[in-house]
Amino acid sequence: MASAEQLKQKIDLHELADRLGMERPDPNGNYRAPDRPDKHPSVSIFNAGKAGYEMWKDHTSGEKGSCIDLVMYCGQASDTSEAMKWLHEEFNIPTDDVVPQQNKPQSQLAWVADKQLSMASDARAYLIDERGIPAEVVDMLQKRGAFGYSDWTSPSKNAGELGYGGPAITFPSRCLFTNEVMGIDIRFFDPSLNGDNKTKAMGEKRGFPYIPDKVALKRASTVVVVESAINAISAIAAFDPKGKGKALSTAIATRGLAVDEIDWRFLAGKQVVCCFDNDEPIAEGPRKGHRPGPEAAWIVHEKCTALNIPCFLVDHKNGKWEGLNDLNDFLKKHGTTLTKYTLLYNLEQWLVAGQDGEFEHGNVKRLPLPNHDQSLYWLFRVKPDFTSYLKIVTNEEGEQKIPQDVCSFRIAGLSKVTISSANSAMTGEPDLQPTKVYSSTIQTPDSPTELTRFVMKRDQLYNVDVWRRVGGGIFNPGKFTRMISILERATHIGERSAVNFVGLAWHNGQAILNEGPDSFFTDPTQQCPYHNLQFPSGTPDQGLRVLEAYHATFKNNAALMLLVWGLGCHIKTYLGFWPHYMLNAGKGAGKSTLVKSLERTLAFTMFSGQSLKTEFRLLTSISHTSHPVGWEELSAQGQGVIDKAVAMLQESYQYTITRRGTDMTEFLSIAPVLLAGEDVPVQSLLGKLVRSDLTGRKGEMIPDDLPRFPVKNWILYLTSYSRPQMKRAYRECVDYLSQRCMAKPDDNGANRMRDNYACLMLAWRLLCEFTGVASNYGHFLQDLVTEMNAHIRETEAEREPWVWILELILGEMDAAHFRHPYAFDWIEGELCLLVRTSHIMQHISQSPALKAKFDSLPVKSDRILKKQLKEAKVVLKDGHEKSINGKRVANFVALGVENLREFGLFPAVPDDVREKETNQ
Numbered sequence: 001m002a003s004a005e006q007l008k009q010k011i012d013l014h015e016l017a018d019r020l021g022m023e024r025p026d027p028n029g030n031y032r033a034p035d036r037p038d039k040h041p042s043v044s045i046f047n048a049g050k051a052g053y054e055m056w057k058d059h060t061s062g063e064k065g066s067c068i069d070l071v072m073y074c075g076q077a078s079d080t081s082e083a084m085k086w087l088h089e090e091f092n093i094p095t096d097d098v099v100p101q102q103n104k105p106q107s108q109l110a111w112v113a114d115k116q117l118s119m120a121s122d123a124r125a126y127l128i129d130e131r132g133i134p135a136e137v138v139d140m141l142q143k144r145g146a147f148g149y150s151d152w153t154s155p156s157k158n159a160g161e162l163g164y165g166g167p168a169i170t171f172p173s174r175c176l177f178t179n180e181v182m183g184i185d186i187r188f189f190d191p192s193l194n195g196d197n198k199t200k201a202m203g204e205k206r207g208f209p210y211i212p213d214k215v216a217l218k219r220a221s222t223v224v225v226v227e228s229a230i231n232a233i234s235a236i237a238a239f240d241p242k243g244k245g246k247a248l249s250t251a252i253a254t255r256g257l258a259v260d261e262i263d264w265r266f267l268a269g270k271q272v273v274c275c276f277d278n279d280e281p282i283a284e285g286p287r288k289g290h291r292p293g294p295e296a297a298w299i300v301h302e303k304c305t306a307l308n309i310p311c312f313l314v315d316h317k318n319g320k321w322e323g324l325n326d327l328n329d330f331l332k333k334h335g336t337t338l339t340k341y342t343l344l345y346n347l348e349q350w351l352v353a354g355q356d357g358e359f360e361h362g363n364v365k366r367l368p369l370p371n372h373d374q375s376l377y378w379l380f381r382v383k384p385d386f387t388s389y390l391k392i393v394t395n396e397e398g399e400q401k402i403p404q405d406v407c408s409f410r411i412a413g414l415s416k417v418t419i420s421s422a423n424s425a426m427t428g429e430p431d432l433q434p435t436k437v438y439s440s441t442i443q444t445p446d447s448p449t450e451l452t453r454f455v456m457k458r459d460q461l462y463n464v465d466v467w468r469r470v471g472g473g474i475f476n477p478g479k480f481t482r483m484i485s486i487l488e489r490a491t492h493i494g495e496r497s498a499v500n501f502v503g504l505a506w507h508n509g510q511a512i513l514n515e516g517p518d519s520f521f522t523d524p525t526q527q528c529p530y531h532n533l534q535f536p537s538g539t540p541d542q543g544l545r546v547l548e549a550y551h552a553t554f555k556n557n558a559a560l561m562l563l564v565w566g567l568g569c570h571i572k573t574y575l576g577f578w579p580h581y582m583l584n585a586g587k588g589a590g591k592s593t594l595v596k597s598l599e600r601t602l603a604f605t606m607f608s609g610q611s612l613k614t615e616f617r618l619l620t621s622i623s624h625t626s627h628p629v630g631w632e633e634l635s636a637q638g639q640g641v642i643d644k645a646v647a648m649l650q651e652s653y654q655y656t657i658t659r660r661g662t663d664m665t666e667f668l669s670i671a672p673v674l675l676a677g678e679d680v681p682v683q684s685l686l687g688k689l690v691r692s693d694l695t696g697r698k699g700e701m702i703p704d705d706l707p708r709f710p711v712k713n714w715i716l717y718l719t720s721y722s723r724p725q726m727k728r729a730y731r732e733c734v735d736y737l738s739q740r741c742m743a744k745p746d747d748n749g750a751n752r753m754r755d756n757y758a759c760l761m762l763a764w765r766l767l768c769e770f771t772g773v774a775s776n777y778g779h780f781l782q783d784l785v786t787e788m789n790a791h792i793r794e795t796e797a798e799r800e801p802w803v804w805i806l807e808l809i810l811g812e813m814d815a816a817h818f819r820h821p822y823a824f825d826w827i828e829g830e831l832c833l834l835v836r837t838s839h840i841m842q843h844i845s846q847s848p849a850l851k852a853k854f855d856s857l858p859v860k861s862d863r864i865l866k867k868q869l870k871e872a873k874v875v876l877k878d879g880h881e882k883s884i885n886g887k888r889v890a891n892f893v894a895l896g897v898e899n900l901r902e903f904g905l906f907p908a909v910p911d912d913v914r915e916k917e918t919n920q
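According to full-length UniProt numbering, the stretch in the sequence shown is residues 1 to 920, in order.
The structure is reproduced here in structure tokens:
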């Protein structure tokens, strides 16, 4: 394949502009912009001088570039690779002079599709003559690889038998992410040759819609959804009859009626129009009266509305559809202009999509209504973003229907939602405390391609002020309230059970991926930092590129450990806990650059110190998500904020449910936190975090064009595991690290730290399976063990609360602030510090300067302090007595000075006691 530079040198931009269909009113002047009315042509082509090739520039928008950029500018490609491929095909530039870097084996289905596409010219006559598709549209779609031709026949069958085959047009369906052929639909020219069977499918048929033009899909603002590939091509012909490839509307086909198995998220940010077959009611059988096509459209409407995607149904009751079944029939009878008008403007105006109000034919109703509601239902009419009511007036001219304004928005859906309790979402246990709320989805004039959703409790359903706050103008409150009473009967449409959680959660005993739009928070901006997050998606190959980049950017896998921790956070739902991460770095070590890259890679949020000033802000930053968050420079905050932050981190190591406010809004403290800075003051959290240090470890810069990690696909991969499988794998990681841990087996603090690092090892093993990388890649496990042992060794004297307390008291003694009696004495040949544990705790709790320290201590009673001192084996004698300043003081604990020194505690021993030491 020719390089980008070679293409720029070879291709004449004026010829390219002509092939792209750009208009040039003056043969020597500028070209018109393809995507807007351009009365005065604003696109010029000029020689780039030193570059040695031609360039173009849109003088209105400022866009400019080479031949590759012009292809994307005109909508023929969505990225550089597609544009280069298009140029090779369009200008017949050889592509076989360079061997591809990765020569993956081609699947049989892909091989069949390629062979059929190479024979596509034999199917053109069928589309043009039989189906009435303009030749220009057929040309365009043939270049897009939208159809092929097959003449396969079975050697074991005779003509006329089922399965014989024969000449047919084929339509390949590809995966949106990998472009892999997932299925092929076949339509026989002469069904009688194939036993009167018109169609056949190869590969997967469910869950993979047919997309004739992926480039147009990315560009389009309106997408028509139909049943068959022929109808999708018919819609494209209506929108772009000259085949210029510039239309802002396109179409896809569901390839049947299994619409509930399609993930409709790929249509987010677009307006959807459903034009399914105009089926007559079934005459006999258990589904008598049902209409398969329109009822499938109802499901698509529900699915799209649940994803905040505006969805409309084509009105089949306007007389133009009489005697016609599908969109291709309509195109052949009425032509492209009327077909386009029908798809864009002839839409149902009923309050409930699919619920006919004015014309009843005895079909199965979507929403049976009592007479007192049915008599008013048909009077409510909706536009895409407006609602009105028909007022019937009788005068000398007869009966007239005058529209009256009701509200400045459209209620696309009003549904009941059952919210699983937090305990059920975290454990997978049967739900004993579900909550019911109402979800309203509305469309406002400022968002033509996105719906607005808000959640209400039952007592807010008829509160006009609540609707006015979110939706806008309500011009007739009485009619509006009456409309809500009708819609209340439709709350079972789209009714669903949900989990208020972003990440990997449990729902009905199954591990699921739950994104922001899947949740129904009553106060989303406060309850979850990721309430509107949709995770990045992609392929495992993209994930492998990310792992390689993070391995190279810092030595000893310091950055890769952070990435593995961030991705592994979603395993927390299986294990019930997950460590926080402490990222240490000196000035200029590259911490800020790494964190910014990680924010983009994982789509996670790093909260600044200014946003963490209060306890409530800290709480809202870690609520209802297993996706990691970051706290920047916690050490720069006041001690009160630090103490509150540490308390929050203690709670979110596992998870804690709390309720705040007068309405008792629920918060689930659970998100693992990245703590970044030169000094992270979290001494009491040593047993609940892992770490890495960036100082002196700089490597290669992370590329700017590095793709995001496919977090969505990663979480979906994790959901394939059961809880026993995940815990079994975790225990294997614990056993592996136990054999390599430097700490003694009875060191509980070290064992807990080992368990935290086992979480990272588990995440790494799963990532290796997901991306296909070897588990020993980059010596990750060796570096992980080294970091774990260094962490254990360096914090040996800091892990126990009694160490922090004695360090504080020794400082008070040195400053002569300790008011209670204490002494140094020799006991059985050992120098000891004699002090009462009750006096220690009294001093810390009663000293105003130490109150903040006392509040942050996990130990607050002298009984627990004495117990920990004995467990650490620093108490040489308990219940010792000694006279101090003429007073006999009992119940001293004798703390061995040498024992204390082993833990980094160095009491200031008086000189007279040292003299005794010398004499002895």
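Glycine is no exception: its CB is placed at the ideal position from the N, C-alpha and C atoms.
For clarity, every value in this text was computed on a predicted model and none was experimentally measured.
Q | Close Cβ partners of LEU7 (< 7 Å) along its chain, the five nearest in sequence each way excluded | A | CYS67, ILE68, MET84, LEU87
Q: Please classify GLY566: does DSSP put it in a helix, a strand, or coil?
A: helix
(Q) Measuring only the C-alpha atoms, how far is ASP643 from ALA852? (A) 8 Å
Q) In whole angstroms, what is the alpha-carbon distance linking MET561 and ALA585? A) 14 Å
Q) How about ALA123 and PHE91: do their beta carbons lie closer than 9 Å? A) no
(Q) Which runs of the alpha helix (DSSP H) at least 4 residues long sit entirely within the UniProt domain "Toprim" (223-336)? Give them in chain order. (A) 229-239, 292-306
Q: Pick helix, strand or coil for ARG32, following the three-state DSSP scheme.
A: coil
Q. Shortest alpha-carbon distance to SER415 belongs to which of GLU495, LEU432, ALA559?
A. GLU495
Q. For LYS57, which beta-bridge partners are listed by DSSP?
A. SER44, LYS64
Q) Would you call ARG36 buried or exposed, if buried means 16 or more other Cβ atoms sit within 10 Å of its Cβ? A) exposed
Q.
Determine whether the beta carbon atoms of ALA258 and GLY207 lie at a separation below 9 Å.
A. yes
Q) Any contact of the stretch 337-344 with the stretch 237-252, i.e. 3+ C-beta pairs under 8 Å? A) yes
Q. Which residues does DSSP pair with HIS843 in a beta bridge?
A. DSSP, once it has assigned bridges, lists no residue as partnering HIS843.
**Q.** Residue environment, LYS214, which counts as buried when at least 16 other CB atoms sit within 10 Å
**A.** buried
Q: Entirely within the stretch 755-830 and at least 3 residues each: give me those beta strand (DSSP E) ranges in chain order.
A: 823-827
Q. Among VAL499, PRO134, LYS688, SER611, which one has its Cα closest to the Cα of MET582?
A. LYS688
Q: Take the Cβ of ASP96 as the centre, count every other Cβ of all protein chains shown within 10 Å, and call the residue buried at 16 or more, exposed below.
A: Low confidence applies here, because ASP96 scores a pLDDT of 47, under 50, leaving its location unreliable and the question unanswered by this model.
Q) Cα separation between TYR462 and PHE480? A) 9 Å
Q | Coil, strand or helix - residue 970 by DSSP | A | Only positions 1 to 920 of the chain appear in the structure, and residue 970 is not among them; the question remains open.
(Q) Using a Cβ-Cβ cutoff of less than 7 Å, which residues in the same chain neighbour PRO536 once the five nearest sequence positions on both sides are dropped? (A) ALA603, ARG708, PHE709, PRO710, VAL711, LYS712
Q: Report yes or no: is there a C-beta of chain D within less than 9 Å of the C-beta of GLY335?
A: Protein chains in the displayed structure number just one, and chain D is not present.
(Q) Mapping the DSSP letters down to three states, classify GLU15 as helix, strand or coil. (A) helix
Q: Count the CB pairs spanning the stretch 750-762 and the stretch 521-539 that are closer than 8 Å, and state whether there are at least three.
A: no
Q: Can you tell me which of the three DSSP states residue 923 falls into?
A: Nothing can be reported for residue 923, as the shown portion of the chain is limited to 1 through 920.
Q: Report yes if the C-beta distance between ARG836 and VAL889 is below 9 Å; otherwise report no.
A: yes
Q | ASP878 versus PRO910 - alpha carbon distance | A | 22 Å
Q.
If I measure Cβ to Cβ from SER519 and keep anything under 8 Å in the same chain, skipping five residues before and after, which residues do I get?
A. ALA498, VAL499, ASN500, PHE501, VAL502, CYS528, HIS531, HIS624
Q) Quick one, which of ALA790, GLN868, ALA849 has its alpha-carbon nearest VAL803's? A) GLN868
Q) What is the residue span of the beta strand (DSSP E) that LYS882 lies within? A) 875-884
Q) Which same chain residues, not among the five before or five after SER684, have their C-beta less than 8 Å away from its C-beta? A) VAL646, GLN650, PRO801, TRP804, SER856, LEU857, PRO858
Q. Since ASN325 contacts ASP277 with CB under 8 Å, what's their CB separation in whole angstroms?
A. 5 Å
Q) Does the distance from the CB of ASP185 to the CB of TYR210 come in under 9 Å? A) yes
Q: Could you have a look at ALA168 and say whether DSSP puts it in helix, strand or coil?
A: strand
**Q.** 3 or more residues per run - each beta strand (DSSP E) lying fully within the stretch 596-666
**A.** 605-607, 629-632, 656-660
Q: Report yes if the CB atom of PRO672 is closer than 9 Å to the CB atom of VAL629, and no otherwise.
A: yes
Q | Three-way DSSP call (helix, strand, coil) for PHE454 in this model | A | strand
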